[in-house]
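Enquirer:
2 protein chains.
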Amino acid sequence: MLSELQPVLVDGAWRPARSPRGRFHAVNPATGEDLPDSYPTSSFEDLEEALVAARRTAFELEALSPDAIASFLDRFAERILERADEIVAAAHLETALPAEPRLRLTELPRTTNQLHQAAAAARDRSWCRATIDEKLNIRSKYGPLGGPVVIFSPNNFPLAFNSATGGDFAAAVAAGNPVVAKAHPGHPGTTKLFAEITLGCLKETGLPPAMLQMVYHLTPEDGLKLVSHPIVGATAFTGSRPAGLGLKAAAERAGKPIYLEMSASNPVFVLPGALRERGSEIASELFASCSLGAGQFCTKPGLVIVLRDARAREFENTLRKLFEQPPSGFLLSRTVVEGLRSAVDRMTRSGANVLAGGRSLEGPGFRFENTLLKTSGKRLLAHPAAFQNEAFGTATLLVCCENTNEMGDVCTALEGNLSASIYSARNGDDDPLYRRIEPVLRTKVGRLLNDKMPTGIAVVPSMVHGGPFPAAGHPGFTAVGFPASMLRFAALRCYDNVRPDRLPPELRDRNPTGTMWRLINGDWTKRDLSSATSE
Amino acid sequence: MLSELQPVLVDGAWRPARSPRGRFHAVNPATGEDLPDSYPTSSFEDLEEALVAARRTAFELEALSPDAIASFLDRFAERILERADEIVAAAHLETALPAEPRLRLTELPRTTNQLHQAAAAARDRSWCRATIDEKLNIRSKYGPLGGPVVIFSPNNFPLAFNSATGGDFAAAVAAGNPVVAKAHPGHPGTTKLFAEITLGCLKETGLPPAMLQMVYHLTPEDGLKLVSHPIVGATAFTGSRPAGLGLKAAAERAGKPIYLEMSASNPVFVLPGALRERGSEIASELFASCSLGAGQFCTKPGLVIVLRDARAREFENTLRKLFEQPPSGFLLSRTVVEGLRSAVDRMTRSGANVLAGGRSLEGPGFRFENTLLKTSGKRLLAHPAAFQNEAFGTATLLVCCENTNEMGDVCTALEGNLSASIYSARNGDDDPLYRRIEPVLRTKVGRLLNDKMPTGIAVVPSMVHGGPFPAAGHPGFTAVGFPASMLRFAALRCYDNVRPDRLPPELRDRNPTGTMWRLINGDWTKRDLSSATSE
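Residue numbers (the working numbering), protein chains in the order written: chain A, 1 to 535; chain B, 1 to 535.
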């Protein structure tokens with residue numbers, strides 16, 4: 001007998017999916033076995049209803065103070081902490097990520113911290129860049145999109161990038177938008193738990209209960225239909241490049257903004273002087289970064305570029321020994337195992353050698369050997385696409401360049417990336433080479449690092465988690481960091497000669513908080529307009 | 001005998017077009033006759049060479065101080081003023097726009113003013129939003145795109161939106177990018193003149209001479225190839241919707257940002273109380289706005305929405321008399337005449353009545369009667385697309401709604417627009433209706449006006465010239481106003497743990513100007529970092 005399907009969250013209430021297109025189970029990656037609950041793949045009926053409710057909700061949210069939205073975000077973070085045990089247990093079961101330290105001590109605090117930062121940004125209001133030109137009485141600010149933000153979340157951060165609680169959710173809500181969340185089918189139970197907590201907090205803080213709506217899964221066709229629907233404000237997607245490119249084309253054809261994070265190889269350049277000074281230390285850092293979360297990070301270093309010399313051979317040997325360790329941790333799904341196997345195959349077919357690992361391991365659970373590959377700069381230049389495929393897992397490709405010219409050419413051949421790291425000698429020996437490759441690398445990445453591996457993304461205002469296509473969809477935005485990440489979900493709104501009582505509070509003569517920054521007559525200030533006393 | 005083709009500006013020098021795909025003449029719209037000079041339609045050879053030079057130039061510009069770029073922009077504005085007579089004469093000949101007041105007293109000062117504003121923004125540097133988190137030593141800012149900005153300019157502003165001198169040019173250059181300009185084929189001579197002045201100023205101020213490159217015309221296929229070329233940073237397009245949509249699809253498929261301004265009907269709502277109070281005054285304002293520049297403004301009001309009552313009938317009669325005046329001014333080209341004729345046909349076929357005008361006039365020159373059409377709210381709702389086609393010319397459609405419900409439905413049926421205006425009674429009688437339609441209109445437009453017609457776009461920081469699709473390509477950007485318009489041509493760049501001497505000046509401990517705003521540890525400030533003394 002089929003077990004009952006879990007309900008979806010539509011228009012402020014949990015209800016059975018209407019005419020579901022299918023059913024699925026989450027899988028425990030540590031055993032490879034199905035978990036007990038059954039979840040529906042929604043039909044577009046669920047989405048149509050969610051969209052209509054979201055449009056109404058968008059207008060309801062507009063009428064609320066940012067303080068009300070901030071209170072919800074803070075309360076949500078508190079309630080998450082209260083239910084930390086449940087959340088960690090659910091996420092651990094569905095992803096096999098370690099309950100500690102990863103889920104409880106790293107990802108959960110990051111998740112609640114993000115929600116508090118989003119609340120603070122909403123309350124502060126400076127993010128909306130209120131701009132007033134007094135003489136002409138023209139005023140403008142960023143405002144919400146007028147329709148929901150659709151969020152497709154990735155498999156690898158069941159808490160911090162979850163569509164019902166993660167960074168995109170926090171940014172979209174803080175900017176005043178309702179959210180239509182698609183769970184990642186790898187962790188539907190975790191997502192359902194977050195959606196339950198959200199709904200409770202919405203009711204508790206008096207926000208419209210349809211501010212979050214959630215389904216577990218969609219057919220690819222319905223995904224395309226969703227992101228291009230007239231009611232939608234924008235979409236945020238984190239996931240694979242093929243899925244991302246399909247959604248991008250559909251959304252853009254309909255004139256709908258879409259923000260994507262679609263893969264990266266995050267090249268790490270280790271310059272000769274750095275290898276001389278501290279090659280073995282860097283090898284350890286590299287292995288630690290590659291194997292963090294079993295290599296399932298968007299910023300995992302997938303390319304390591306060195307100049308061929310004796311130190312590079314030593315570095316290679318040290319790395320090989322590190323990668324020969326038995327793998328720790330599980331991959332998130334059978335799909336991840338297959339993706340890694342096919343990436344390794346593609347690279348070896350294009351001429352890379354396997355220095356360590358290279359094979360999936362027999363069960364139970366989804367495992368793959370730590371894998372170190374090697375190729376030459378020349379070969380990478382001959383097949384640039386084959387060597388720049390993101391593959392989740394503890395795997396990286398060492399690229400040995402013959403000379404600095406070839407290293408420069410490799411920089412030029414790199415695709416748009418989330419990050420690039422350059423390790424250079426502390427004594428300045430590598431500075432000429434740094435100066436040569438940095439200008440090209442700078443145009444290829446969102447985040448440029450010195451002497452540091454790219455994993456570990458601090459949620460601070462200066463963070464950029466984004467970059468040029470195809471790492472992301474647009475180089476001018478970031479998915480991490482407040483308030484900048486909120487600008488993805490905002491429209492520029494000008495009020496030209498609009499009567500004072502019809503202006504949003506942020507654009508009235510009196511500064512609504514006394515502390516928000518506004519650009520008045522060309523100067524950033526916290527002051528009221530001179531006429532504010534008359535209000 | 002064929003006259004010699006005018007040269008193109010590629011890689012810092014004027015030279016003949018290579019293997020041109022064709023030749024064309026500008027046409028004097030006041031006579032309908034060809035002007036003497038012949039211009040080439042470039043082949044992709046010219047563009048390929050321009051792109052390679054632009055890539056090199058992008059790196060050269062990065063190495064310069066923003067002050068150098070600002071000096072160029074200021075000098076350029078000065079040199080333009082020195083050659084005002086020539087410029088006005090060329091533009092008048094090619095567009096038939098009045099030399100005075102339009103070209104000399106309105107558009108030229110706006111053009112030079114924009115350049116000075118861009119210079120001031122570049123010099124100030126606050127536009128780049130330098131963000132520093134001291135504890136983690138993560139820093140970020142907006143920077144140039146690493147490739148040229150391609151600019152396609154429109155027919156209707158030969159100076160202020162010219163691809164070699166207008167708002168897009170000023171914003172792209174101030175943000176540190178080289179420009180590849182495509183002239184509008186309606187005013188190639190004016191564009192050539194600007195490009196000559198630019199080249200002179202680049203040399204004079206020591207900037208790379210390939211910072212501006214210019215061709216006159218392209219085949220549509222080469223346009224698609226250009227905007228999707230790997231070297232290109234981004235594209236700015238102002239023009240017709242079909243051309244814009246084609247370029248948008250090509251650029252986005254290649255992952256290249258493109259900013260478009262593609263048409264708008266700029267609805268004006270005149271609420272019943274306003275009609276009672278000052279219907280005839282509003283009719284005069286409306287006619288003046290519609291006929292400004294012979295109706296060839298992006299923000300020309302193309303829809304006027306009223307409630308059917310006795311005052312609306314009076315308003316209609318007043319308007320009809322105004323539109324029955326003989327037309328003043330010429331349309332910019334035969335294409336504009338044909339576009340207007342076909343828009344009128346489309347509306348009448350869908351059931352609109354012609355109240356005044358409706359026909360093109362016999363030559364010499366390109367002229368069309370002032371045209372007032374009328375339809376019902378019900379009919380617009382039945383054929384929303386047919387009535388929302390932008391048509392340049394002194395033409396507008398009066399839409400009479402049966403009741404406030406129907407007016408609300410018309411708001412919902414509106415496409416994304418650059419602007420919407422609402423005229424309402426001064427005594428508050430219309431406030432309930434205002435509150436009903438404003439929330440929907442707000443989500444449909446970039447600029448919302450009260451008691452004011454949309455033509456006349458002030459170049460101030462608070463201006464928004466943009467809006468939701470299909471008025472523009474993305475609702476979060478503006479094509480007019482500094483510093484906001486520069487953000488279209490910028491990439492977010494993070495420096496994570498980058499050594500101090502390798503940071504761009506804006507991100508070093510010491511504030512490089514002493515006056516630029518930076519977000520340091522979450523607070524906007526002009527201060528140095530505490531450690532700046534050690535620099």
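Glycine residues also receive a C-beta, built at the ideal position from the N, C-alpha and C atoms.
In this text the structure is predicted, and so the values were computed from the model without any measurement.
Going by DSSP in three states, A/Ser-536 sits in which element: helix, strand or coil?
Expert: Nothing about residue 536 of chain A can be reported from this structure: the residues present for chain A run from 1 to 535 only.
Enquirer: Report the CB separation of B/Gly-279 from B/Phe-315 in whole angstroms; it is logged as a contact under 8 Å.
Expert: Counting from 1 along the second sequence, the entry for residue 279 of chain B is found at position 279. Counting from 1 along the second sequence, the entry for residue 315 of chain B is found at position 315. So it is a contact: roughly 4 Å between Cβ atoms.
Enquirer: Leaving out five residues on either side along the sequence, give the residues of the same chain with a beta carbon under 7 Å from the beta carbon of B/Arg-75.
Expert: Stepping through the second sequence from its first residue, residue 75 of chain B is reached at position 75. Cys-201, Glu-204 and Thr-205, listed in sequence order.
Enquirer: Determine the extent of the beta strand (DSSP E) in which B/His-25 is found, giving its start and end residues.
Expert: Residue numbering aside, residue 25 of chain B sits at position 25 when the second sequence is read from its first letter. First-last of the beta strand (DSSP E) with B/His-25: 22 to 28.
Enquirer: By the three-class DSSP mapping on this structure, what secondary structure does A/Cys-401 have?
Expert: Residue mapping note: residue 401 of chain A aligns to position 401 of the first sequence, counting from 1. A/Cys-401: strand per DSSP, three-state reduction.
Enquirer: Check whether the Cβ atoms of A/Ala-171 and A/Met-486 sit closer than 7 Å, and answer yes or no.
Expert: Translated into the one-based positions of the first sequence, residue 171 of chain A becomes position 171. Translated into the one-based positions of the first sequence, residue 486 of chain A becomes position 486. Result yes, Cβ atoms of A/Ala-171 and A/Met-486 sit closer than 7 Å.
Enquirer: Which partner residues of A/Glu-261 appear in the DSSP bridge assignment?
Expert: As a working mapping, residue 261 of chain A is identified with position 261 in the first sequence. A/Glu-261 pairs with A/Thr-238 and A/Ala-472.
Enquirer: State the CB to CB distance for the pair A/Lys-374 and A/Leu-361, rounded to an integer number of angstroms; the pair is presumed to be in contact (CB under 8 Å).
Expert: Numbered from 1 along the first sequence, position 374 holds the residue referred to as residue 374 of chain A. Numbered from 1 along the first sequence, position 361 holds the residue referred to as residue 361 of chain A. Actually they are not in contact, since the Cβ atoms of A/Lys-374 and A/Leu-361 sit about 22 Å apart, beyond 8 Å.
Enquirer: Please report the straight-line C-alpha distance between A/Thr-235 and A/Pro-272, rounded to a whole angstrom.
Expert: For this step, residue 235 of chain A is matched to residue 235 along the first sequence. For this step, residue 272 of chain A is matched to residue 272 along the first sequence. Using only the alpha carbons, I get a separation of about 43 Å.
Enquirer: Decide yes or no for the touch test of the stretch 189 to 200 of chain B against the stretch 219 to 227 of chain B: beta carbon pairs closer than 8 Å, at least 3 of them.
Expert: No: the two stretches stay apart, fewer than three of their Cβ pairs being nearer than 8 Å.
Enquirer: On a CA-only basis, which of B/Ala-274, B/Arg-493, B/Ala-391 and B/Arg-508 is nearest B/Ile-422? Give me that one, please.
Expert: Translated into positions along the second sequence, residue 422 of chain B becomes position 422. When each option's Cα is compared against that of B/Ile-422, the closest is B/Ala-274.
Enquirer: Spatial neighbours of B/Asn-137 within its chain, please: C-beta separation below 6 Å, excluding the five flanking residues on both sides.
Expert: Here residue 137 of chain B is taken as the residue at index 137 of the second sequence, counted from 1. Within the same chain, B/Asn-137 has close Cβ partners Asn-497.
Enquirer: Mind pulling the chain B residues with CB within less than 9 Å of A/Asp-496?
Expert: Within the first sequence, residue 496 of chain A is the residue found at index 496, counting from 1. Those within 9 Å of A/Asp-496 in chain B are Ser-419, Ser-421, Arg-447, Leu-448, Leu-449, Asn-450, Lys-452, Pro-454, Ala-458, Ser-462, Met-463 and Val-464.
Enquirer: Hey, is A/Asp-133's beta-carbon within less than 7 Å of any beta-carbon in chain B?
Expert: Taking the first residue of the first sequence as 1, we reach residue 133 of chain A at position 133. At least one chain B Cβ lies under 7 Å of A/Asp-133.
Enquirer: If you measure from the beta carbon of A/His-474 to each beta carbon in chain B, is any gap under 7 Å?
Expert: As a first step, residue 474 of chain A is located in the first sequence; it is residue number 474 there, counting from the start. Output row for A/His-474: interface = yes.
Enquirer: Apply the 10 Å Cβ neighbour rule to B/Glu-324 and answer buried if 16 or more other Cβ atoms are within range, or exposed otherwise.
Expert: Here residue 324 of chain B is taken as the residue at index 324 of the second sequence, counted from 1. Exposed, by the Cβ-count rule.
Enquirer: In angstroms, rounded to a whole number, what distance separates the CA positions of A/Asp-309 and A/Cys-400?
Expert: Looking up residue 309 of chain A in the first sequence gives position 309. Looking up residue 400 of chain A in the first sequence gives position 400. When rounded, the distance between both Cα atoms is 9 Å.
Enquirer: I'd like to know if B/Pro-439 contacts chain A, where contact means its C-beta is closer than 7 Å to some C-beta of that chain.
Expert: Counting from one through the second sequence, the residue named residue 439 of chain B turns up at place 439. Judged by the 7 Å Cβ criterion, B/Pro-439 is in contact with chain A.
Enquirer: Using the Cβ count rule (16 or more neighbours within 10 Å means buried), how would you classify B/Asp-501?
Expert: Start at 1 with the first residue of the second sequence, and residue 501 of chain B comes out as number 501. Classification for B/Asp-501: exposed.
Enquirer: Count the CB pairs spanning the stretch 381 to 392 of chain A and the stretch 297 to 306 of chain A that are closer than 8 Å, and state whether there are at least three.
Expert: As far as the Cβ criterion goes, the stretch 381 to 392 of chain A touches the stretch 297 to 306 of chain A, which means the pair count is three or higher.
Enquirer: B/Leu-519 touches chain A at which residues, Cβ-Cβ below 7 Å?
Expert: As a position in the second sequence, residue 519 of chain B is number 519, starting the count at 1. Those within 7 Å of B/Leu-519 in chain A are Pro-461.
Enquirer: Give me the Cα-Cα distance between B/Gly-244 and A/Lys-256, rounded to the nearest whole angstrom.
Expert: The residue labelled residue 244 of chain B in the question sits at position 244 within the second sequence. The residue labelled residue 256 of chain A in the question sits at position 256 within the first sequence. One C-alpha to the other measures close to 15 Å.
Enquirer: What separation, rounded to the nearest whole angstrom, lies between the Cα atoms of A/Pro-178 and A/Thr-513?
Expert: Taking the first residue of the first sequence as 1, we reach residue 178 of chain A at position 178. Taking the first residue of the first sequence as 1, we reach residue 513 of chain A at position 513. So the alpha carbons of these two residues sit roughly 24 Å apart.
Enquirer: Using a cut-off of 7 Å between C-beta atoms, extract the partners of B/Glu-390 located in chain A.
Expert: Start at 1 with the first residue of the second sequence, and residue 390 of chain B comes out as number 390. In chain order: nothing, as chain A lies at least about 16 Å away.
Enquirer: Return the Cβ separation of B/Pro-536 and A/Phe-59 in integer angstroms, given the expectation that the two are a contact with Cβ distance under 8 Å.
Expert: Nothing in the structure corresponds to residue 536 of chain B, since chain B is present only between 1 and 535.
Enquirer: Quick one: list the residues of chain B neighbouring A/Trp-524, beta-carbon separation under 7 Å, in chain order.
Expert: Here the question's residue 524 of chain A lines up with position 524 in the first sequence. Simply Trp-517 and Trp-524.
Enquirer: Is there a Cβ of chain A sitting closer than 7 Å to that of B/Ala-479, yes or no?
Expert: What you label residue 479 of chain B is simply residue 479 of the second sequence in a count that begins at 1. B/Ala-479 does not count as touching chain A.
Enquirer: Does the CB of B/Gly-428 have a neighbour CB from chain A at under 7 Å?
Expert: Mapped onto the second sequence, residue 428 of chain B falls at position 428. Closer than 7 Å: no.
Enquirer: In three-state DSSP terms, what is B/Met-1?
Expert: In the second sequence, residue 1 of chain B corresponds to position 1, counting from 1. With a pLDDT of 46 at B/Met-1, under the threshold of 50, the modelled position of this residue cannot be trusted; read the value that follows with caution. The answer is coil: DSSP assigns B/Met-1 none of H, G, I, E or B.
Enquirer: According to DSSP, simplified to helix, strand and coil, what is A/Leu-271?
Expert: For the purposes of this step, residue 271 of chain A is identified with residue 271 of the first sequence, where counting begins at 1. Three-state DSSP puts A/Leu-271 in coil, outside helix and strand.
Enquirer: Does B/Gly-446 pass the burial test, meaning 16 or more other C-beta atoms within 10 Å, or should it be called exposed?
Expert: Residue 446 of chain B sits at position 446 when you count from the first residue of the second sequence. Answer is buried; the Cβ neighbour count reaches 16.
Enquirer: Hey, does A/Ile-305 have any beta-carbon neighbour from chain B nearer than 7 Å?
Expert: For the purposes of this step, residue 305 of chain A is taken as the residue at position 305 of the first sequence. False, the Cβ-Cβ gap to chain B never drops below 7 Å.
Enquirer: If you run the structure through DSSP and keep just helix, strand and coil, what is A/Phe-72?
Expert: Against the first sequence, residue 72 of chain A aligns to sequence position 72. If DSSP states are grouped into helix, strand and coil, A/Phe-72 belongs with the helices.
Enquirer: Distance cutoff 7 Å, beta carbons only. Does A/Pro-257 sit that close to anything in chain B?
Expert: Along the first sequence, read from residue 1 onward, the residue named residue 257 of chain A stands at position 257. Yes, A/Pro-257 lies at the interface with chain B (some Cβ there is under 7 Å from its Cβ).
Enquirer: With DSSP as the reference, label A/Tyr-142 as helix, strand or coil.
Expert: Here residue 142 of chain A is taken as the residue at index 142 of the first sequence, counted from 1. If DSSP states are grouped into helix, strand and coil, A/Tyr-142 belongs with the strands.
Enquirer: In chain D, what lies closer than 7 Å to A/Ala-490 by C-beta?
Expert: Judged by its chain identifiers, the structure shown contains no chain D, and its protein chains are A and B.
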